[in-house]
Amino acid sequence: MTTTDDRTGAAPEPTGPLSTIDYSERIPNNVNLNEDRRLQRALEGWQPKFLDWWRDLGPQLPTENVYLRTAIAVGRDGWAHFDHVPMEEYRWGIFLAEQDPDKTISFGKHKGEPVWQEVPGEHRADLMRLIVIQGDTEPASVEQQRVLGATAPSIYDMRNLFQVNVEEGRHLWAMVYLLHAYFGREGRQEAEQLLKRNSGDLDAPRILGAFNEETTDWLQFFMFTYFTDRDGKYQLGTLKESAFDPLGRTCEFMLKEEAHHMFVGTTGVQRTVERTAEVMKAKGGPARFEDGVIPLQVIQQYLNFQFSVSMDLFGSEQSTNAGNYYSSGLKGRWQETRRKDDHVLLDDTRTMRHVVDGQIVEKEVPMLSALNLDLRDEYVADCENGVRRWNQELEDAGLEERLVLPHEGFNRKVGTYAAHRISPDGRVLSEDEWAASVDEWLPSEESRRAVADLMVPEYEYGKFAAWIAPPKTGINDQPVEFDYVHLAEEGLA
Amino acid sequence: MTAVRDEEQTEQGADGSTGAASGAEVPVVDFATSPDRYRHWTLEIDGEVATVTLTVDEAGGLVPGYELKMNSYDLGVDIELYDLTQRLRFEHPEVKAVVMTGGLERMFCAGANIRMLARSSHTWKVNFCKFTNETRNGIEDATAHGQTWIAALNGTAAGGGYEMALACEEIILLDDGSSTVSLPEVPLLGVLPGTGGLTRVVDKRHVRKDRADLFATKSEGYRGETAVEWGLVDATYPMREWEERVAGHAAAAVARSTRSGERGVELIPLEVSVEDGTIRYPYLEARTSETGRSVDITVVGPDQAAPQDAAAALAQGVDYWPMALARALDDLVLRLRTNEPDLGTWVFRTRGESDLVLGYDEQLRDGGHWYLEEVRAYLARVLKRLDVTSRSLISVIEPGSCLVGVLLEVSLACDRQYMLDGVYEDVDPDATPAALTLTASNDGTYPMGNGLSRLASRFWGQEDQLESARQHLGEPVEAVAAEEVGLVTMALDDIDFEDELRIVLEERASLSPDALTGMEANHRFVGPETVETKIFGRLTAWQNWIFNRPNASGPDGALRRYGSGQRGSYDHRRV
């Protein structure tokens, strides 16, 4: 399929020696891919492996085509194109935000110097590691979510799932492009490893723990896109500031797509809460699984779980690496340029909480050592917004109950709280107290099973499973009942 | 040594500038421990295979002020490892293969804790490295005695973690697409992998030098496939085959072993008392002199004849004289090195019956039983500790000495030997003049790190003198003859002896301790280079120079800045 856009025009005609696959045609891009034969060859070697991976570990449900958004440019308007596309023919493109020729580094010891267009040898290892870790998470979530199509509560939701999946695939492409274009042979080897490690694989698991957990049901998927993808958003936000300009521009554009993933999570949980609130209002009491909806307490438990494991993804509150990355200009802070300080932070301090003698107390720490915490605080503030939105549904239904974010120390396996047991309301607990209450706070096997039992597929256009409310509007101004996904014959069986 | 990777946490601020340099924070280190007190290691025995598992207690640092994240280690962790190696050899003689593995997921060991290193004084760092080096050599010595160590790296082994693996006979790395072996000291910290890393990669594992260069400058290291191809590890297996394959390597090592042993000897706590500057063990006593900045050490000979056979020796357990002496001397050397850096001269004397020593000396040399062989190997290791001790070692030989065979090795390990010619007329005119007796044990039973006997090292390049010394095997040699043969530095009569000795010690104490350490280390190791001599000589010397350079330890140096969020800033002039 040739993509044309009024602003950018058709994809450029291929030049150079003929290859069996026409990459400049098949990979929409704004990096002049057709002018770089070396890079073309490298990507030519990688693409079949990616497609194999997509076929083996991408969405399991057979589909004919899906109404998908494809990135075709990077401008503010008209950057995406919507159409029904067979997923395996999705045009995973390579897009970097527009280059600013006068851009300078905005923080760290190189502040004020021009941004780098090539990788400085000094920072090669660190930059590659950052890119590999980011890149490893992208295909991981596709793998985690591959079975969800079979229990989609609607065709609309199924389309959103697949949109998230193909865009995670594109984000993998974005990272692979950087590895291929800037990191030589080792970069290519790392790019291959990104496909060799697989989520939950005993022999070759994904790098970060949260990406090896199975996504068992749609509520978890929504919580994942809300909380865990939001971690991704914040990580991308720090990489967007990178002195290594191609990385910064790549991440800047990825953030644009990430917004849709957040949207899927926010509205997914919201619609779940809406439906539960409806039942609670009608009954004048708590909603139960027997009512065909997910009880509010279970939604809170899912929230507690996903929030706490996502908090772990920020790493230790105090981190040597984060400080090094910052000072070296590799990774900035969220909204770096809007911060009103010297952007070097050598003498700054901040407070952090930790547990001393069974009490959570504050202490002063050097700012440079606490940048993970700085980012995590921004993240938590953002998470609060979604919770407020979900609570609006409860308030609208005239209910007293509310959802809340648990304490930052609750259920943590990384960082200063890892060695302690903290209740959702922030009390330091003994091991016995924790054991006595943990099933109230985190989803038990039993409640996960009960949620899974509710997950019956609804493939009729415009219909929705009983546990979730329909959205207010459809995608790209299409109606809610639009034929977003055409299932393959075998998929309907 | 080194490198804590990701997310290492700081508790004490980021300047890394204070710390153990001020003596107040340095504890008096006790090297005694036992499995029921281990905080970091576990030992499991299954027939002829032992598994030792490293799961470092993060809060279990020897000195306050750092957390042992990601299985990183400090001296306390290594003291337990040393204890393990000793117990495996004496308490579990039946064990023929030792599998060393990690108790964390994805991280075998991140190496020596950097925050600990950055906070430590130079002296502490050097002592720590020396002890860890000796422990790693001890692991190789175990393998040489049929107890083969196998590193089963079930996660990344970085820096000192990989160096620990390098001491093992085989290295197996998990093939999971993430786990690597690495030596990140040069690129991350501006120092060397100083516990044998650089040396063993090229000298033991025969990795090509250009690849070794790539390896030691690439902080993230290499995964299984490349690591196998280059020889950095021996094999790599995926998780699903892991346990079976590791067991296979262990079984093969068991099958190769010619070791035979049963009914171990329990290493019950060593008897030691410390009072008024005197440290006392059975058969060993050390009196410290702050004013003379010296220690007088007296080795006491056996009080009864050697047991009639190996079974009787085994029955005596740790009370078997050579064993008791080895344990005491081992502990004393470690204590004095770590806790008494100001006492720069150690003066050795012996006291006892030469005839009795001779019986034990022969028994050990003849061996033929696991316990005798292990005691002999242990004595050899303890004597090697003396060789690499950065103190001036002086041997004083007076009437009542019992310098025979293995005990004569202590004297030969010293930098100088002073022997009284005759007796102290004013003290005991009827005493028997001191004599020393070379035995076959002095001709190769207790080799130094350079692979030579102390006797051959003494007469390096002087074959005729070595031969003439050998002519005296088995016969007591008195002072004048000993001087003539070259076994002592000076033979003096009692008119001169005391005064001469006082002046020698005072003069020694006035010289630069740094220059003395360098000079002694150069003189002690003649002849061929071995992995051991390269580690204690070349690698350690360069490392200790680098430790002292501003590029590592200056306020902007890489080691000091580690954890501050800033990288080292270097003076780029080559020196």
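Chains as they are written, first to last, in UniProt numbering: chain A, 1 to 493; chain B, 1 to 575. Backbone N, C-alpha and C fix where the C-beta goes; we use that ideal spot for every residue, glycine too. Just so you know, these numbers come straight off a predicted model, no measurement behind them.
Checklist entry - For K413 of chain A, is the classification buried or exposed, using 16 other Cβ atoms within 10 angstroms of its Cβ as the cut-off for buried? => result exposed
Checklist entry - When you compare only the Cα positions, how much space is there between S569 of chain B and D141 of chain B? => result 41 angstroms
Next on the checklist: Would V66 of chain A and V485 of chain A qualify as a contact pair, given that the criterion is a beta-carbon distance under 8 angstroms?
Outcome noted: yes
Item to check | Residue environment, L511 of chain B, which counts as buried when at least 16 other CB atoms sit within 10 Å | outcome: exposed
Checklist entry - When the Cβ atoms of the segment 335 to 345 of chain A are set against those of the segment 527 to 541 of chain B, are three or more pairs found closer than 8 angstroms? => result no
Item to check | F82 of chain A - partner residues in DSSP beta bridges | outcome: In the DSSP assignment, F82 of chain A forms a beta bridge with A:R69.
Checklist entry - Between V228 of chain B and V181 of chain B, what straight-line distance do the alpha-carbon atoms span, to the nearest angstrom? => result 11 angstroms
Checklist entry - From Q566 of chain B to L161 of chain A, what distance separates their C-alpha atoms? => result 42 angstroms
Checklist entry - Of all the CB atoms in chain B, is at least one closer than 8 angstroms to the CB of K196 of chain A? => result yes
Item to check | Segments of 4+ residues assigned as alpha helix (DSSP H) that fall wholly inside the segment 222 to 300 of chain A | outcome: 229 to 239, 245 to 283
Checklist entry - For the segment 415 to 458 of chain A, which segments carrying the alpha helix (DSSP H) assignment without a break, of at least 4 residues, lie completely within its bounds, in sequence order? => result 431 to 441, 445 to 454
Next on the checklist: For R129 of chain A, would you say it is in contact with chain B, using Cβ-to-Cβ distances shorter than 8 angstroms as the test?
Outcome noted: yes
Checklist entry - How would you write the range of the alpha helix (DSSP H) that G197 of chain B sits in, first residue to last? => result 197 to 203
Next on the checklist: For a cutoff of 8 angstroms on Cβ pairs, would you count I207 of chain A as touching chain B?
Outcome noted: yes
Checklist entry - Going by C-alpha distance, which of A:F82, A:I299, A:G93, A:L371 is nearest F224 of chain A? => result With distances taken between Cα atoms, F224 of chain A lies closest to A:I299.
Item to check | Residues that A140 of chain A contacts on chain B, provided the C-beta gap is smaller than 7 angstroms | outcome: Under the 7 angstroms cutoff, chain B gives no residues; its nearest Cβ is about 12 angstroms from A140 of chain A.
Item to check | Among B:V485, B:R560, B:N551, B:I172, the one whose alpha carbon lies nearest that of R573 of chain B | outcome: B:N551
Checklist entry - Residue range of the beta strand (DSSP E) that H354 of chain A falls in? => result 349 to 356
Checklist entry - With a Cβ-Cβ cutoff of 8 angstroms, do G108 of chain A and V428 of chain A count as a contact? => result Not in contact: G108 of chain A and V428 of chain A (Cβ atoms no closer than 8 angstroms).
Item to check | Nearest-angstrom Cβ-Cβ length linking R136 of chain B and E163 of chain B, presumed shorter than 8 angstroms | outcome: 7 angstroms
Next on the checklist: Quick check on G102 of chain B: does DSSP put it in helix, strand or coil?
Outcome noted: strand
Checklist entry - Since F307 of chain A and P406 of chain A are thought to touch, with beta carbons under 8 angstroms apart, how far apart are those beta carbons, to the nearest angstrom? => result 6 angstroms
Next on the checklist: Distance cutoff 8 angstroms, beta carbons only. Does Y379 of chain A sit that close to anything in chain B?
Outcome noted: No, Y379 of chain A lies away from the interface with chain B (no Cβ there is under 8 angstroms from its Cβ).
Next on the checklist: Cutting at 6 angstroms between CB atoms, please list the residues of its own chain near W230 of chain B, excluding the five before and the five after it.
Outcome noted: V207, R211
Next on the checklist: Taking the straight line between their C-alpha atoms, what separation do you get for A370 of chain A and Y379 of chain A?
Outcome noted: Those two C-alpha atoms are separated by around 14 angstroms.
Checklist entry - Under three-state DSSP, which class holds H171 of chain A? => result helix
Next on the checklist: For a cutoff of 8 angstroms on Cβ pairs, would you count P64 of chain B as touching chain A?
Outcome noted: no
Next on the checklist: Can you find the residues in the same chain that come closer than 7 angstroms, C-beta to C-beta, to G422 of chain B, ignoring five residues on each side of it along the sequence?
Outcome noted: P433, D493, D494
Checklist entry - Among A:A419, A:T272, A:D374, A:V147, which one has its Cα closest to the Cα of T216 of chain A? => result The candidate whose alpha carbon is nearest that of T216 of chain A is A:V147.
Item to check | Residue of B:Y360, B:S178, B:G248 minimising C-alpha distance to E220 of chain B | outcome: For E220 of chain B, the nearest C-alpha among the options comes from B:S178.
Checklist entry - Beta-carbon of M519 of chain B versus every beta-carbon of chain A: anything under 8 angstroms? => result no
Checklist entry - Which residues in the same chain have their Cβ closer than 7 angstroms to the Cβ of K196 of chain A, if we skip the five residues on either side of it in sequence? => result A204
Checklist entry - W46 of chain A lies in the beta strand (DSSP E); which residues open and close that run? => result Not the beta strand (DSSP E): W46 of chain A falls in the alpha helix (DSSP H), residues 37 to 57.
Item to check | Within-8 angstroms CB hit, S72 of chain B to chain A | outcome: no
Item to check | Partners in chain A for R524 of chain B, counting only beta-carbon separations shorter than 7 angstroms | outcome: Near R524 of chain B there are no residues of chain A at all, since even the closest Cβ is about 40 angstroms away, more than 7 angstroms.
Next on the checklist: For P238 of chain B, would you say it is in contact with chain A, using Cβ-to-Cβ distances shorter than 8 angstroms as the test?
Outcome noted: With 8 angstroms as the cut-off, P238 of chain B counts as an interface residue toward chain A.
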